[in-house]
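Scroll down for the structure; my scribbles are underneath it.
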Amino acid sequence: MQLLVRAYPIQEGQEDALRQFTEQVREKWSETSRFYQKYGVSRESWFLQMIGEKLHLISVTQINDLQPALDAYGASQDDYDRWFKDQIFQLTGLNLDEVPAGPPSQMVYDWQNS
Numbered sequence: 049m050q051l052l053v054r055a056y057p058i059q060e061g062q063e064d065a066l067r068q069f070t071e072q073v074r075e076k077w078s079e080t081s082r083f084y085q086k087y088g089v090s091r092e093s094w095f096l097q098m099i100g101e102k103l104h105l106i107s108v109t110q111i112n113d114l115q116p117a118l119d120a121y122g123a124s125q126d127d128y129d130r131w132f133k134d135q136i137f138q139l140t141g142l143n144l145d146e147v148p149a150g151p152p153s154q155m156v157y158d159w160q161n162s
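Each number in the numbering used here corresponds to the 1-based position in the sequence shown with 48 added.
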């Protein structure tokens with residue numbers, strides 16, 4: 049299992065739109081579940097955090113095989129995938145067709161109770 053951690057800056061004035069998007073994701077539960085399962089995602093959590101004066105969406109994704117999933121997601125034009133990517137673009141300005149992993153991150157510490 050791998051982790052993908054992303055910090056997306058939310059564009060000015062988009063906090064309400066982000067909250068609406070998260071509500072829509074919940075409402076589309078069966079489509080959302082199929083979406084995640086298709087890419088081998090076993091868990092994804094979103095967090096809001098102010099960094100300086102800018103709101104960020106921090107996403108932590110537990111995924112089976114990262115690179116093949118990113119390649120498939122970046123290329124996908126399925127209806128739900130397209131809707132999801134378009135929402136992220138409006139909220140953050142990031143085009144997930146081109147950069148599906150988002151800004152790169154590097155793990156510098158990890159602890160787990162075995």
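Glycine is no exception: its CB is placed at the ideal position from the N, C-alpha and C atoms.
State buried or exposed for I123, treating a residue as buried only when at least 16 other CB atoms are found within 10 Å of its CB.
By 1-based counting over the sequence shown, the position of residue 123 is 75. Strictly speaking, residue 123 in this sequence is Ala, with Ile absent from that position. Exposed is the call here.
Proximal residues to Q68 (C-beta, below 6 Å), its chain only, five neighbours per side dropped
Here the question's residue 68 lines up with position 20 in the sequence shown. None.
Contact set for V53: own chain, Cβ-Cβ below 6 Å, skip 5 residues either direction
Here the question's residue 53 lines up with position 5 in the sequence shown. The answer, listed in chain order, is V108, S153.
Just mark D129 as buried or exposed, buried being the case when its beta carbon has 16 or more other beta carbons within 10 Å.
As a first step, residue 129 must be located in the sequence shown, where it is residue number 81. Under this definition D129 is a buried residue.
Using a Cβ-Cβ cutoff of less than 7 Å, which residues in the same chain neighbour L103 once the five nearest sequence positions on both sides are dropped?
For the purposes of this step, residue 103 is identified with residue 55 of the sequence shown, where counting begins at 1. If we look at L103 and ignore the five residues flanking it on each side, its Cβ neighbours are I58, E63, L96.
My output table needs one value for W159: the three-state DSSP class, helix, strand or coil.
The sequence position of residue 159 within the sequence shown is 111, counting from 1. When secondary structure is reduced to three states using DSSP, W159 falls in the coil class, being assigned neither helix nor strand.
In the structure shown, what three-state DSSP assignment does I111 receive?
Your numbering for residue 111 matches position 63 in the sequence shown. Judged by DSSP in its simplified three-state form, I111 adopts strand.
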